[in-house]
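Everything on this sheet refers to the single structure shown next.
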């Protein structure tokens with residue numbers, strides 16, 4: 074059982090659901106999570122792997138089309154206290170002051186959480202969630 078995220082689920086399949094973690098107010102930052110409690114990619118069944126890549130690709134296409142996101146960093150870790158999930162972190166121009174490597178992602182996330190957590194940004198994030206949800210559920 075999982076808790077409904079702020080903004081709701083942007084897309085759901087038989088094996089996965091995707092949502093934005095609004096604690097990090099970055100338009101289009103999506104977390105794709107397994108419904109089944111597993112921790113590692115190699116624990117996915119063949120059917121789950123196919124569903125995973127299909128839904129991941131569908132989200133990425135919607136990010137590009139609806140939010141004009143050109144670049145995304147993808148992350149998942151196996152030592153999480155939660156279950157299997159993949160972070161899709163978009164890259165915006167303002168982020169490049171933190172660098173262009175994977176090492177820049179943590180400072181970007183912290184900056185967003187600590188410095189951009191305001192009513193205006195949250196409104197933009199919620200609108201992005203709405204737009205992605207609409208596109209992904211056509």
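Numbering (our numbering), first residue to last: 74 to 211. For every residue, glycine included, the Cβ atom is placed at its ideal position computed from N, Cα and C. Note that the coordinates shown come from a computational prediction; the quantities given were computed from them, not determined experimentally.
By the three-class DSSP mapping on this structure, what secondary structure does residue i have?
i, result
"residue 171", "helix"
"residue 98", "coil"
"residue 184", "helix"
"residue 194", "helix"
"residue 84", "strand"
"residue 157", "coil"
"residue 111", "coil"
Name the residue from the options whose alpha carbon lies nearest to the alpha carbon of residue i.
i, options, result
"residue 149", "121, 107 and 118", "107"
"residue 109", "139, 191, 197 and 122", "122"
"residue 125", "135, 114 and 98", "114"
"residue 163", "183, 117 and 141", "141"
"residue 189", "203, 153, 100 and 111", "100"
"residue 156", "192, 145 and 116", "116"
"residue 205", "95, 134 and 127", "134"
"residue 103", "208, 95 and 161", "161"
Which residues mark the beginning and the end of the beta strand (DSSP E) in which residue i is found?
i, result
"residue 19", "The shown model of the chain, from 74 to 211, leaves out residue 19, and the question about it has no answer."
"residue 146", "145 to 148"
Taking the alpha helix (DSSP H) that residue i falls in, what are its first and last residues?
i, result
"residue 130", "119 to 140"
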